[in-house]
Amino acid sequence: MTNTMNAGQPLGSVIEGSLTGGLEVRLHPDISVEDMRVGKFLVVQGVRSCFFCMLTDVSLGAANARIIASPPGWEDTFLREVLAGSGTYGMINLSPMLMFTQEYNESFSSTNGKSLNPFIPSANSLASFKPQTSTTMELLPVKTIPSHFSQVYEASEEDFRKVFGWEDDPHRKNFSIGKPLDMDVPICIDLNRFVERSNGVFGKSGTGKSFLTRLLLAGVIRKGAAVNLIFDIHSEYGWEAVAESKEVNTVKGLKQLFPGQVEVYTLDPESTKRRGVRDAQEVYLSYEQIEVEDIKLCARELGLSDAALDNTNILCNELGKSWITQLFNMTGEDIKIFCDDKPGHPGSISSLQRKLLRLDRLKYMRAVSPLNYINKILQSLEAGKNVVVEFGSQSNMLSYMLVTNMITRRIHEHYVKRADRFLQSKNPLDRPTPLMITIEEAHRFLDPAVVQSTIFGTIARELRKYFVTLLVVDQRPSGIDNEVMSQIGTRITALLNDEKDIDAIFTGVSGAGALRSVLAKLDSKQQALILGHAVPMPVVVRTRPYDSAFYREIGDQVWEEKSDAEVFAAAELAKADLGF
368 MTNTMNAGQP
378 LGSVIEGSLT
388 GGLEVRLHPD
398 ISVEDMRVGK
408 FLVVQGVRSC
418 FFCMLTDVSL
428 GAANARIIAS
438 PPGWEDTFLR
448 EVLAGSGTYG
458 MINLSPMLMF
468 TQEYNESFSS
478 TNGKSLNPFI
488 PSANSLASFK
498 PQTSTTMELL
508 PVKTIPSHFS
518 QVYEASEEDF
528 RKVFGWEDDP
538 HRKNFSIGKP
548 LDMDVPICID
558 LNRFVERSNG
568 VFGKSGTGKS
578 FLTRLLLAGV
588 IRKGAAVNLI
598 FDIHSEYGWE
608 AVAESKEVNT
618 VKGLKQLFPG
628 QVEVYTLDPE
638 STKRRGVRDA
648 QEVYLSYEQI
658 EVEDIKLCAR
668 ELGLSDAALD
678 NTNILCNELG
688 KSWITQLFNM
698 TGEDIKIFCD
708 DKPGHPGSIS
718 SLQRKLLRLD
728 RLKYMRAVSP
738 LNYINKILQS
748 LEAGKNVVVE
758 FGSQSNMLSY
768 MLVTNMITRR
778 IHEHYVKRAD
788 RFLQSKNPLD
798 RPTPLMITIE
808 EAHRFLDPAV
818 VQSTIFGTIA
828 RELRKYFVTL
838 LVVDQRPSGI
848 DNEVMSQIGT
858 RITALLNDEK
868 DIDAIFTGVS
878 GAGALRSVLA
888 KLDSKQQALI
898 LGHAVPMPVV
908 VRTRPYDSAF
918 YREIGDQVWE
928 EKSDAEVFAA
938 AELAKADLGF
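Everything in the sequence shown is counted per the working numbering, starting at 368 for the first residue and increasing by one.
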């Protein structure tokens, strides 16, 4: 543990601060302010406790205003060196995140064991410090602050391991998500805690959200923390995708890394076959499986008015499950006769008919499906298989919202029944395997206007009551309902520029003011701020590369890199499938 026994050089002294505003630290003369980076992990050694802190701001100070009024010239290096550290100095602001109270032997409670200065532990008292192991050390929330002139140290590798654990811990399902900005030590998230609540991956376009999501999913599958249902709108997770790195052309999908644990279902079999995906299973849906809730979620994509939506309830109540098929077959006269007997409006129903005919152009829709494909997906999940649903050329937002809602609602219903059965029987064999559902463009499903009536809002608010959680991936967190954002357990956030999006990330987070500056200063690539349920304290990491080294670390050995020509051909094929 880093403490005053630390042989490392102290960086500075605490000169003022508060529990809510953080600690002001004056850097020692031989420490360059240019070596301090926002997001850095530092340790403050108090008299009785260690405080684990994040660096949230860097500033310059001067002992005398006359120095600022009449600064030395740049060529006057001698005067600048004289002033450095005394007349001028660097300041950093620290936000304490965790604390650990040291224990001392009773034998040093006597006068002989005490330091003459109550603010500086004596050498004898330091020798009596009893280091604790990771299994016995208890990290506590910060409820006080260190005293004046407490020394600040660089965090050591041991400090990181004490706080964030290590990946091969036999007692926890830890997974390395990256490394600190200035050290080569893994930062782990606790996957058991990660899957206990719904989570989010956020960041503006181009910051690597998909790679970060793929990394997390690979970790969850590798450690067996949960079974996954992934709605893959851009066909990036199941099979190989184009890499962002210049060193490699493509990266492996989850099916290639875990061939026996991942199954791919596709709404566009032709596109999936052209991409070389092996053993993909087709998915077809029927109009009878569409419910009014599904239509309401897609109202904006279909261009439906409130009056048309009101008439969907009337049609469903009067015609039953086949209401869409019967509506398609109605003539204008049929609609008029229907409205003469029922409380429907002919104009609104005719408009509804025209706009719902867009569904007839979707490749995967059938009047009657020969097989219940949703049950097939459910059976795969029940067998412990992770399922990726690919959309291929059907990757428009209408298809994505319709299919995702239809499948999720039925699977959630099944999990509710299973959870109730487990609570009744108390039999461990009846306990459902935790299910994590990954959705992209999450603000479409969790918008304040629709969230109260969608299955995704229900799942987010239920936490893990029925063993189902969400992994939401989005570049516009401000579009997600505030109540849902407050229930997001762990937030992994790459760079965001929009103030509304940054505000949304910190919904329900204490001490958000200090963390805002950290988030705003992230690099645009391969950096993320992680905070929430799965980590003991907020931390900024260089995210782990998703590359051949990662494949080997999780047990995969076979990887054939494609040539540039093959990658270009695959990219052109994907564009054609998407209609570009």
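All C-beta atoms in this analysis are idealised placements derived from N, C-alpha and C, irrespective of residue type, glycine included.
Please classify residue i: is it buried, with 16 or more other beta-carbons within 10 angstroms of its beta-carbon, or exposed?
{"i": "Glu391", "result": "buried"}
{"i": "Ile744", "result": "buried"}
{"i": "Phe419", "result": "buried"}
{"i": "Glu603", "result": "buried"}
{"i": "Met764", "result": "exposed"}
{"i": "Ile512", "result": "buried"}
{"i": "Ala436", "result": "exposed"}
{"i": "Thr502", "result": "Because the pLDDT of Thr502 is 41, which lies under 50, any placement of that residue in the model is unreliable, and the question is left without a value."}
{"i": "Val907", "result": "buried"}
{"i": "Leu671", "result": "buried"}
{"i": "Leu427", "result": "exposed"}
{"i": "Leu664", "result": "buried"}
{"i": "Asp787", "result": "exposed"}
{"i": "Lys640", "result": "exposed"}
{"i": "Ser514", "result": "exposed"}
{"i": "Ile662", "result": "buried"}
{"i": "Gly751", "result": "exposed"}
{"i": "Thr468", "result": "exposed"}
Which residue wins for smallest C-alpha separation from residue i, given the options the options?
{"i": "His900", "options": "Ala916, Ile859, Asp526, Arg725", "result": "Ile859"}
{"i": "Val754", "options": "Gln628, Val783, Lys663", "result": "Gln628"}
{"i": "Leu583", "options": "Pro377, Gln376, Leu558, Ser517", "result": "Leu558"}
{"i": "Asp673", "options": "Met732, Ile556, Glu685, Val659", "result": "Val659"}
{"i": "Gln648", "options": "Ile657, Glu655, Ser638", "result": "Ser638"}
{"i": "Glu948", "options": "Asp868, Val631, Leu837", "result": "Coverage of the chain is limited to positions 368 through 947, which leaves residue 948 absent and any answer about it impossible."}
{"i": "Phe516", "options": "Gly384, Asn541, Ala430", "result": "Gly384"}
{"i": "Ile847", "options": "Gly567, Leu394, Met464", "result": "Gly567"}
{"i": "Val835", "options": "Leu446, Leu886, Asn595", "result": "Asn595"}
{"i": "Pro322", "options": "Tyr767, Phe561, Ser523", "result": "What the structure shows of the chain is the stretch from 368 to 947, and residue 322 is not part of that stretch, so it cannot be assessed."}
{"i": "Asp1002", "options": "Asn616, Ala610, Ala451, Leu719", "result": "Coverage of the chain is limited to positions 368 through 947, which leaves residue 1002 absent and any answer about it impossible."}
{"i": "Arg728", "options": "Arg539, Leu686, Leu652, Ile741", "result": "Leu652"}
{"i": "Leu723", "options": "Phe445, Val381, Trp690, Pro547", "result": "Trp690"}
{"i": "Ile921", "options": "Leu624, Gln854, Met464, Glu448", "result": "Leu624"}
{"i": "Gln412", "options": "Pro463, Gly878, Arg433, Leu446", "result": "Pro463"}
{"i": "Arg785", "options": "Tyr833, Pro912, Arg667", "result": "Tyr833"}
{"i": "Phe598", "options": "Gln761, Leu394, Lys867, Val902", "result": "Gln761"}
{"i": "Arg404", "options": "Glu521, Cys706, Asp914", "result": "Glu521"}
{"i": "Lys867", "options": "Leu726, Gln518, Ala887", "result": "Ala887"}
{"i": "Ala610", "options": "Pro801, Phe578, Leu813", "result": "Phe578"}
So residue i is in the beta strand (DSSP E); what residue range does that whole segment cover?
{"i": "Met852", "result": "Per DSSP, Met852 belongs to no beta strand (DSSP E); it is in the alpha helix (DSSP H), 849-854."}
{"i": "Arg393", "result": "389-394"}
{"i": "Tyr918", "result": "First-last for Tyr918: 915-920, but that is the alpha helix (DSSP H), not the beta strand (DSSP E)."}
{"i": "Gly379", "result": "379-385"}
{"i": "Gly699", "result": "Where Gly699 is concerned, there is no enclosing beta strand (DSSP E), although the alpha helix (DSSP H) it sits in stretches over 699-708."}
{"i": "Val519", "result": "518-521"}
{"i": "Val411", "result": "408-412"}
{"i": "Phe598", "result": "594-599"}
Taking residue i as part of the alpha helix (DSSP H), name the residues at either end of that continuous run.
{"i": "Ile897", "result": "Taken as a continuous stretch (DSSP letters only), Ile897 belongs to no alpha helix (DSSP H), being part of the beta strand (DSSP E) at 894-899."}
{"i": "Phe569", "result": "Looking at the DSSP string, Phe569 is not in any alpha helix (DSSP H); the run it does join, the beta strand (DSSP E), is 566-569."}
{"i": "Ile826", "result": "822-828"}
{"i": "Gln954", "result": "Only positions 368 to 947 of the chain appear in this structure, which leaves residue 954 out of reach."}
{"i": "Ser884", "result": "879-887"}
{"i": "Val509", "result": "Segment: none, Val509 is in no alpha helix (DSSP H) and carries neither H nor E."}
{"i": "Val908", "result": "Unbroken run through Val908 is the beta strand (DSSP E), 906-910; no alpha helix (DSSP H)."}
{"i": "Gly545", "result": "Counting along the chain, Gly545 falls outside any alpha helix (DSSP H), though it belongs to the beta strand (DSSP E) covering 541-546."}
{"i": "Gly954", "result": "Given that the chain is displayed from residue 368 to residue 947, the structure contains no residue 954 and the question cannot be resolved."}
{"i": "Leu558", "result": "558-561"}
{"i": "Glu807", "result": "From DSSP, Glu807 is part of no alpha helix (DSSP H) but of the beta strand (DSSP E) over 802-807."}
{"i": "Phe467", "result": "Phe467 -> not in any alpha helix (DSSP H); beta strand (DSSP E) instead, spanning 455-468."}
{"i": "Ile872", "result": "866-872"}
{"i": "Val552", "result": "Premise fails: Val552 is in no alpha helix (DSSP H) and is neither H nor E."}
Review point. Between the segment 825-832 and the segment 791-799, are three or more C-beta pairs nearer than 8 Å?
Key: no
Review point. Where in the segment 625-672 do unbroken runs of the beta strand (DSSP E), each at least 3 residues long, occur, reported from the N-terminal end onward?
Key: The beta strand (DSSP E) runs lying completely inside the segment 625-672 and spanning 3 residues or more are 629-633, given in chain order.
Check your understanding: Taking only runs of the beta strand (DSSP E) that begin and end inside the segment 414-452, which ones reach a length of at least 3 residues, in chain order?
Key -> 416-429
Exercise for review: Give, in chain order, every unbroken run of the beta strand (DSSP E) that is at least 3 residues long and sits entirely within the segment 721-790.
Suggested key: 753-757
Check your understanding: Counting pairs of beta carbons, one from the segment 533-543 and one from the segment 420-427, are three or more of them closer than 8 Å?
Key -> no
Review point. Between the segment 568-581 and the segment 888-905, do three or more beta carbon pairs fall short of 8 Å?
Key: yes
Review point. Are at least three pairs of beta-carbons, each pair with one atom in the segment 733-752 and one in the segment 709-721, less than 8 Å apart?
Key: no
**Study point:** Given 8 Å, three or more beta-carbon pairs between the segment 399-411 and the segment 450-467
**Key:** yes
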